[in-house]
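Please read the structure below before turning to the comments.
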Amino acid sequence: MSSLLRAPLWLVVVAACSGSSGATDGALGRAEGGAAPADDGSLRGADAGVPSCLVGCSRSPFELVDRDQALALTHTDQAALTQTLTRYLTALPKAADLVVALESRCGSPELLGHAEALARAGRTASCTELAERCTADSDTPAQLRAELAFIGGTCADTEGRNDVAAVLFRAATDPSTVTAPGFAGRVMGFARFLSTTEGPAAARELLARYPGWGVPAETVYRALEYLAGRMTLPESERGAAAAFVDAQLVGGDPRVRDQLFRLQAIYWADHEEWQRALLLIANNLDAIDPTTGWIGAAYNSLYRQGPSNFDLARELYRAYLPHAHPQAWVPTQFNTYDYSQLYRDACAGSLLQGQELARYHSFVSDWRSGAASTAATIARAQALLDQSGTRADLLTLLGSMHELAGDDDAARQAYWQAHGACPFYNRAHDGLYSVRRRTRSAQLPDRAQQLAQLARAVAATAFPGELASYVQNFSALPEEGQRRVRYALRYWAPWIARLSAGGYRLYLKQAFELVSDIPSLEGLRDQRVNTRGDYHLIDEDPGRSQGQLAVVDLSYVSEHLFGTPNAAAHELAHQFDAAAPQSLQACITTLYQRARSAGVFADAYAATSRGEYFAQGVTHYSVEAEAAATFGITRQWLAEHDVGLYSLLRTIGAAATPLEAIACPQ
138 MSSLLRAPLW LVVVAACSGS SGATDGALGR AEGGAAPADD GSLRGADAGV PSCLVGCSRS
198 PFELVDRDQA LALTHTDQAA LTQTLTRYLT ALPKAADLVV ALESRCGSPE LLGHAEALAR
258 AGRTASCTEL AERCTADSDT PAQLRAELAF IGGTCADTEG RNDVAAVLFR AATDPSTVTA
318 PGFAGRVMGF ARFLSTTEGP AAARELLARY PGWGVPAETV YRALEYLAGR MTLPESERGA
378 AAAFVDAQLV GGDPRVRDQL FRLQAIYWAD HEEWQRALLL IANNLDAIDP TTGWIGAAYN
438 SLYRQGPSNF DLARELYRAY LPHAHPQAWV PTQFNTYDYS QLYRDACAGS LLQGQELARY
498 HSFVSDWRSG AASTAATIAR AQALLDQSGT RADLLTLLGS MHELAGDDDA ARQAYWQAHG
558 ACPFYNRAHD GLYSVRRRTR SAQLPDRAQQ LAQLARAVAA TAFPGELASY VQNFSALPEE
618 GQRRVRYALR YWAPWIARLS AGGYRLYLKQ AFELVSDIPS LEGLRDQRVN TRGDYHLIDE
678 DPGRSQGQLA VVDLSYVSEH LFGTPNAAAH ELAHQFDAAA PQSLQACITT LYQRARSAGV
738 FADAYAATSR GEYFAQGVTH YSVEAEAAAT FGITRQWLAE HDVGLYSLLR TIGAAATPLE
798 AIACPQ
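Residue 465 in my numbering sits at position 328 of the sequence shown; the count goes up by one each step and never skips.
Next comes the structure, spelled out in structure tokens:
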């Protein structure tokens, strides 16, 4: 039994690490990793990426957080810290209000505040347009132009317009502004963008051109990649990385401080240093940007400590809600209520009840069986909505149907209305993230090349006839959806007939569907994963193998082509592992133990168990070595760092050797 938490590419599951640098404080995480991946801590949220003060604010000195001090925090202490955060959110001006109040003329001194407010309000297209227009305007002073270009670059990045973002980031880091305030922060932000779009070499080269770090540029790069979860560091290097981060937080460029603060808070929140992350945030609200970019890390820090802290996470989330918008952070898996509680108490008036709920279930049943088309389901759901009034579950169903019909604008509107009706109805949030992923991929400059790659790969892969029965709802997918599924499953094509004959199946679910809505999985209703640092509802899983049935969100499968981790290949790996001969299972165990002894894993999730080690290995192996940097870890990493697993996966994928005869790599 397994779950693969959603992770947009820029937050591919966090890297594993353990040990201590010998220091007792400082800002770089040193606790052993292995926690489940983060639930929405993306630094690419529309407001979280904007690293500057909105309207001429001053900053207090930054306070580092001692680990022992943080570990000593009681529930009462954390309640007090939560109150500090909620008071801050209550007093924080809403970005939408600032957009109206500030001037956008290119020569105006309020220009930066206007651009930042646009970004925080989720109006990233307007933010990008403003930056493009005013950076080309001669009335805009050079320093203002550089700052504006950087803000515009983060907005374009959020939209997936990588080509526009690169142009703006280059303008932001023009060498003529090297002595101007904020240059180091703009270089760091551009380097982080380059690392995930053009690759490590481009990021390293940019960092090396700026001489003011006080440490080798390689130390800066490795510290950033480590905190972002894209690189493990040997114990011997963690001290230098920690010292650099600490020095920049205390005395560096404010733009650098803001970025490292968010990276550090997210890292600690996802690496079992929850109290430390919470204390870091609460102690430094006046030392950083007045934005809500820290909210995901703070919420996760409370949630991950378990049900005893759900009341605090809920209090913080409620205080944040006035600042939320369709582009902002919202939880997708970490829900402080289960769905029975939502229907019974928390959102009883905003969810369908009685006969109306029964009609809803009949719509879904007819759609799932093929008795009703997507268009017919939209019409039936809209008619019930007109009759019942705003209901979060019904709006989320409408959002998913609009997604299937190709109307993302209508889907986004329905999902956001569902959030407004019940802000704890996380299925609507999952739908919002689904639309965001597709919106980003639609803007990617290499989209045509990726679609061409899909066509070539699907044409070159022989799938058995059993695919249509193995994927339970394959025939219900549109033609392009079926092609995307074939592409995601191409590694497992030689083994699908074997899995199908063994009774294994795959169901591709929509955002509106709870895992327990799927026939045969009803018993999972309201159950939580009872693992330290997790506790998410199984109903919220975007990928799960339960017995002989794997359930995966269709959105992850469809967007794998553009860099979303391959959840389908991951879950099939669990099925393959369960059905494999004992000799092969023993081999996977041996390779996992070997990786643990060496302390080398592609990511922290792979370190949690031998099953996840194998499944994550397949996830990364399914990404070709020459894939763009946006895809994160590729099979090349395995070839260089885990030769045994790479060799085994290559042999399995070739399907030239009977499974029983495969020799375990030495």
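A virtual CB, placed ideally from N, CA and C, is assigned to each residue, including glycine.
- Contact between L255 and E284 fails: their C-beta atoms lie close to 14 Å from each other, not under 8 Å.
- Bridge partners of V608 according to DSSP: L643.
- Contact between S692 and R574 holds, since their C-beta atoms are separated by about 6 Å, short of 8 Å.
- V780 counts as exposed, since fewer than 16 other beta carbons sit within 10 angstroms of its beta carbon.
- Straight-line measurement puts the Cα of S313 at about 18 Å from the Cα of I288.
- For A542, there is no enclosing alpha helix (DSSP H), as DSSP gives it neither H nor E.
- Between the region 218-226 and the region 416-436, the count of C-beta pairs closer than 8 Å reaches three or more; the two stretches touch.
- Within the same chain, and ignoring the five residues on either side of E540 in sequence, the residues whose Cβ sits closer than 6 Å to its Cβ are A548.
- V755 and R642 have their C-alpha atoms roughly 18 Å apart.
- With a contact defined as Cβ atoms closer than 8 Å, A302 and F320 miss out at about 18 Å.
- Using a C-beta cut-off of 8 Å, the region 769-785 makes contact with the region 708-728, since at least three inter-stretch Cβ pairs fall below that distance.
- DSSP assignment within the region 274-320 yields no whole beta strand (DSSP E) run of 3 residues or more.
- A direct Cα-to-Cα measurement between G748 and F600 gives close to 25 Å.
- Of the residues assessed, V237 falls on the exposed side of the cut-off, its CB having fewer than 16 other CB atoms within 10 angstroms.
- In the DSSP assignment, R367 falls outside any beta strand (DSSP E), carrying neither H nor E.
- For the set A378, C243 and A495, the Cα lying nearest the Cα of D276 is the one of C243.
- When A741, D671 and A555 are compared, the shortest CA-CA separation from D567 is found for A555.
- Taking all protein chains shown into account, Q396 has 16 or more neighbouring C-beta atoms within 10 Å of its C-beta and is therefore buried.
- If only uninterrupted alpha helix (DSSP H) runs of at least 4 residues are considered, those enclosed by the region 527-591 are 529-541, 545-558 and 563-580.
- Within the same chain, F611 come within 8 Å of Q619 by CB-CB distance, once the 5 residues on both sides are set aside.
- The count of Cβ pairs closer than 8 Å, one atom from the region 524-536 and one from the region 481-500, reaches three, so the stretches are in contact.
- Sorting L534, V382, E603 and F471 by C-alpha distance to the C-alpha of Q664 places F471 at the top.
- In this structure the region 588-603 does not lie against the region 512-526, because fewer than three pairs of beta carbons, one per stretch, are closer than 8 Å.
- Between the alpha carbons of P582 and A589 lies a gap of roughly 13 Å.
- When secondary structure is reduced to three states using DSSP, Q683 falls in the strand class.
- Pairing G259 with S578 gives a Cβ-Cβ distance that is not under 8 Å.
- Using a 10 angstroms sphere on the CB of H460, the tally of other CB atoms reaches 16 or more, which defines it as buried.
- The beta carbons of A365 and L415 sit no closer together than 8 Å.
- The closest CA to that of P631, considering only P656, E603, L489 and P391, is found on E603.
- Nearest to R623 by alpha-carbon distance, out of P278, A706 and Q685, is A706.
- Excluding residues up to 5 positions away in sequence, H757, V760, E761, A762 and A764 lie with their Cβ nearer than 7 Å to the Cβ of T771 in the same chain.
- Contiguous alpha helix (DSSP H) elements confined to the region 414-451 occur at 432-440, taking only those with 4 or more residues.
- In the pairwise beta carbon analysis, the region 419-439 is classified as touching the region 194-211: at least three pairs are separated by under 8 Å.
- In this structure, the beta-carbon distance from D383 to L626 does not fall below 8 Å.
- For the pair G526 and G557, the Cα-to-Cα distance works out to about 13 Å.
- Under DSSP, D203 forms no beta bridge with any residue.
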